[in-house]
Every structure is written in C-alpha cells, then in structure tokens.
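I have placed the structure first, in the form of structure tokens, so that the comments after it can refer back to it.
Residue numbers (the numbering used here): 4 to 125.
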C-alpha cells in the first residue's frame, strides 16, 4: 500500500478482496490487543482499567464498599469509552469466586452464582 502512495499510482482492486484483507487485518489486531488476556498478568485492558479506576477511588481492603455504578461510571468516563454493560460484566467477573482462581475484587451483594444466575438477579 505504501509503495502505491509513494509512486502516485492508482490501481484498480476488487472491492471484496480489499474489504476482506482489511477486515482480517483489523480483526486480528483487535483479537491480539483486546480480546486475549496479556501473558504478563492475565488481564485484559478493561480489567486493568477497572483496577486502576478502583485505585484512584482509593478502594482498598481497608476502605468501605462502593456501588458498582460508581466504579463503572469512572471507568467509562475516564478510560473506556464503550458501553457500560461490557465494563459491568468485566467487573462482576473479577469478583466471582468461581470464574477466576483468585478473585481480584471483594464484591458485596449478589454477583451471580455457578448455576447461571446473573449478577443482581432477583
């Protein structure tokens, strides 16, 4: 592509081929950078953002509990401009004892169970 831009040459390319090539490149980049956990710590970027936001809110074992909405709002507002459901689901998974070997968040309240009930289910 850069050779084409530098030489000023315009080539006719089949739309389906170009779209397929570019989509594959984007999909692989997304999977490698966001969907797969990092080898160094096993966390995805959204997990790191949640833990960082909790550190900024001074949520540590010595402090009291805060509502999930507060943490999710801070994450969305400052670090992760995507839907709140993705951030909330990631936060819930960090608190569930049955999804991770060592839960990173001590959740207070209903964070779901092994039988498939969602968090905050009545």
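Beta carbons are placed, not taken as given, at the ideal position from N, Cα and C, and that holds for glycine.
This structure is a prediction, so every number in the text was calculated from the model and none was measured.
- In this structure residue 53 is in contact with residue 93, their Cβ atoms being roughly 6 angstroms apart against a cut-off of 8 angstroms.
- In this structure, the straight-line span from the alpha carbon of residue 121 to that of residue 87 is close to 16 angstroms.
- Straight across, the Cα-Cα distance linking residue 46 with residue 102 is about 13 angstroms.
- For residue 58, the enclosing alpha helix (DSSP H) covers residues 48-59.
- Taken atom to atom, the span from the alpha-carbon of residue 111 to that of residue 74 is near 14 angstroms.
- For residue 90, the enclosing alpha helix (DSSP H) begins and ends at 87-98.
- Residue range 71-81 is occupied by the alpha helix (DSSP H) that includes residue 73.
- Beta-carbon to beta-carbon, residue 69 and residue 62 are separated by about 6 angstroms, close enough to satisfy the 8 angstroms threshold.
- Annotation: residue 36 to residue 81 spans about 20 angstroms, alpha carbon to alpha carbon.
- Counting every other CB atom within 10 Å of its CB across the protein chains shown gives residue 108 a total of 16 or more, marking it as buried.
- Here the alpha carbons of residue 28 and residue 11 stand approximately 24 angstroms from one another.
- Residue 41 counts as exposed, since fewer than 16 other beta carbons sit within 10 angstroms of its beta carbon.
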